[in-house]
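Using the numbering used here, the first residue of the sequence shown is number 1413, and each one after it goes up by one. Every residue, glycine too, gets a C-beta built ideally from N, C-alpha and C. On a predicted model such as this, the values are computed, not experimentally measured, just so you know. Take a look at the structure set out below.
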Amino acid sequence: MSTQQSGSPSASKVPRMRPHSKSRKGCLECKTRRVKCDEAKPQCRNCDRRNVVCVYVAAAKRKSHLTSTAALTPAAEEVAEDTRCVGQAALPAEARLGHCCPVSLCSDQLLKLRLMHNYDSAMVDSLVGALQFNTSVSQVLRKEVPELAFKHPFLMDTLLSTSIIHLECTGFNMGPRVLEYRYNAIRNLRRELTKGQEQSLPALIAASTLLSATSLAADRVTNYQGLWITNWLAMPLGSRALLDKRRGQAHGRAQYGMPPTVHAMGHIDHGPVPVLIPESLAEALRICDENDPDVPFRVALDTAAEGIGKLFGMLLAPHLVPWIQLRVRAWPFTYGSAKFVEMVRLGRPRALVLVTYYLAFLKLLPAVWLYDGVVERDMRKIGEVLGEEWAGSIEIARASVMAENPEERVAFMKQQVMASQEADASPSSLPNLYS
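Structure representation (structure tokens):
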């Protein structure tokens, strides 16, 4: 008997496999591709390299003859701890999902589900109301954007980022995850921009628009130390470049996602609106010396000043006053430029004076989570930078913010610009700022 076994061909040729432990805790993407996962959280190395959403699903509990009082294995303890953490950090107390899910999910995945639910159930309605969008835009945000997000991970990162910012701004303490999601959204959007792929353009426009709309709130909840208005001015430049790239292609923008949103957030033609600038602002912007360090930025200053002048001009056109909020939101897209943003970042006084007047108009927007606290905070910081030398140049803007309501604010600014109009022989044209 033993002789037959030792002479068996199968016994002599089959190599012995090295014993090894096999983990079942890898992410779904690695399991699907049948590759080894390093199990790093929230994003494993493979998913990070391939720029895809990393999803972990904990293994279902095996059948056991142990009693309910038996000690948990280390793996089970990890799953239990993940579930407890979700209840404490990711969800409000009344929405503990861990007790009703048939499969135990890791905390990061449950948080993503929570953010998707919040985006659809609360954030879209909040954006539509605050930005004065119509029902067609609501449908785009609620249906088309999520559909694009499931095809483009970088847009999904943006959607989750804006949703967690909304939660943080509306009373939920989301902790350091807010900064993490914001960082991932901007990083992955920049990566996608470098690829220049035509099929990604609709998703790029959607991501850029969402990031622009929520930039002030993002800077507030992440405790950004610089001027919050700076990123608000800079973000629309990316959207404008993407739309310029899209212009002229077949069938317009309607088939590429978010056209109504981009139209409402983007370039608005003011039409025949006079350019009216208070005398104190015009005097601050005037460049008399060709050696002035702001000479290279003349065009940027002129364009931004024209935009502020048209906002003042709208105050004297009763039929345009109801539209002024839309024009205020569109101002960075229409009149902003990379050079002007550079001046603001460098703390150039003339640019900061113009920004102060823009902040005064920004105060006309609804007092919602998107704009909470930005005007007073940034005006104070700008005042500290400008000092007494430029205090008179921003006096009107500062005083307008002190008004109790938007109606009084509009009346005050209208009164100031009318006083300048009476003193100006040609009020309908931009003053010569460079003489």
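Have a look at residue i and residue j and give me their C-alpha separation to the nearest angstrom.
i	j	result
Q1544	E1441	40 Å
S1550	D1537	7 Å
P1456	G1438	Residue 1456 is actually Cys in this sequence, not Pro. Their backbone Cα atoms lie some 9 Å apart in a straight line.
Q1737	E1800	31 Å
D1532	D1569	15 Å
A1561	A1534	18 Å
P1818	P1708	37 Å
A1811	Q1521	48 Å
D1656	R1436	48 Å
E1556	S1548	11 Å
S1624	M1586	21 Å
R1461	E1820	55 Å
F1824	L1776	12 Å
A1831	L1527	50 Å
T1444	L1525	21 Å
L1758	E1816	33 Å
E1788	P1588	25 Å
D1398	D1714	Nothing can be reported for residue 1398: it is not among the residues displayed for the chain, which extend from 1413 to 1847.
W1802	A1452	53 Å
Y1468	V1822	53 Å
Round the Cβ separation of residue i and residue j to the nearest angstrom and send it over; I've been treating them as touching at under 8 Å.
i	j	result
T1768	A1809	5 Å
N1458	V1447	6 Å
L1654	L1616	5 Å
G1723	F1773	The identity of residue 1723 in the sequence shown is Leu, whereas the question assumes Gly. Contact holds; Cβ gap of about 5 Å.
L1523	L1539	With a Cβ gap of about 21 Å, L1523 and L1539 do not count as contacting.
Secondary structure at residue i, three-state DSSP: helix, strand or coil?
i	result
Q1544	coil
S1832	helix
G1719	helix
N1530	helix
C1456	coil
Y1408	It is not possible to answer for residue 1408, since the shown part of the chain is limited to 1413 through 1847.
I1806	helix
Y1636	coil
S1749	coil
P1734	helix
E1451	coil
I1598	helix
N1643	helix
T1626	coil
H1578	helix
A1729	coil
I1699	coil
C1439	coil
D1706	coil
Q1611	helix
W1781	coil
L1525	helix
P1648	helix
R1821	helix
Y1468	coil
E1796	helix
I1689	coil
Inspect the beta-carbon positions of residue i and residue j and report whether they are closer than 8 Å.
i	j	result
G1725	P1761	no
A1618	I1577	no
V1786	I1598	no
L1764	V1797	yes
K1826	L1732	no
Q1828	P1690	yes
T1574	L1622	yes
L1645	V1756	yes
Y1770	W1743	yes
D1784	R1632	yes
L1579	N1530	yes
I1720	R1710	no
Can you give me the Cβ contacts of residue i inside the same chain, cut-off strictly under 7 Å, excluding the 5 residues immediately before and after it?
i	result
V1730	Per the sequence shown, the amino acid found at residue 1730 is Pro instead of Val. Same-chain partners within the cutoff: there are none.
A1542	P1778, V1780, L1782
T1634	V1590, L1591, R1594
S1612	H1564, E1604
N1703	none
Tell me which residues share the same chain as residue i and place their Cβ nearer than 6 Å to its Cβ, disregarding the 5 neighbours each side in the sequence.
i	result
A1712	S1749, K1751, F1752
F1696	A quick correction: the sequence has Ala, not Phe, at residue 1696. Contacts found: V1765, S1805.
L1601	F1566, A1619
S1627	N1643, W1644, M1647
P1454	D1520
E1807	none
Return yes when at least one heavy atom of the ligand FMN lies under 7 Å from the C-beta of residue i, else no.
i	result
I1577	Absence of the ligand FMN is noted for the structure shown, with no ligands found whatsoever.
Apart from the five residues on each side of it in sequence, which residues of its chain come closer than 8 Å, Cβ to Cβ, to residue i?
i	result
L1608	Note on residue identity: the sequence assigns Gly, not Leu, to residue 1608. Hits under 8 Å: none found.
L1639	V1756, V1767, D1790, K1793, I1794
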